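Heads up, the thing below is written out as structure tokens.
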Amino acid sequence: MPTAVLTDRERAAVQAYLRLLGTVRAAFDAPPDGGGPPMVPPAVLAETEQALKAAGLAGNEDAFFELLHSWNPVPGRT
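For the sequence shown, position 66 matches number 98 in my numbering, and the numbering has no gaps at all.
The following block contains the structure:
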């Protein structure tokens, strides 16, 4: 499998997205507080959105997920 060489902006977008995923997982893994659904801090969403825009990946999900998979492959998926 070829290895993608990411630009700094692409790498920042992938890293921001992975942080967002971690935050979402943590929010859903936390015990319910009785105050409604788990919330993701707006700053985390904003960071990811800005990083995607800076890398030219906003609205280009296919290209982004190809980069994401090449940088952080999911075991068992091709």
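Glycine residues also receive a C-beta, built at the ideal position from the N, C-alpha and C atoms. Only a predicted model underlies this, so the values are computations on that prediction, with no experimental measurement involved.
Closest to Val56 by CA distance: which of Leu77, Gly66, Arg43 and Gly68 is it? Leu77
Pairing CB atoms from the stretch 42–57 with CB atoms from the stretch 76–92, are three or more of them under 8 angstroms? yes
Close-in-space but distant-in-sequence residues of the same chain around Ala90 (CB under 8 angstroms, 5 per side omitted): Glu81 and Leu84
Whole-number beta carbon distance between Met71 and Ala59, since they are thought to touch under 8 angstroms: 7 angstroms
Run through DSSP, which three-state label would Thr55 get? helix
Cα-Cα separation, Glu93 to His101: 12 angstroms
Tell me whether Val76 sits in a helix, a strand or coil according to DSSP, three-state version. helix
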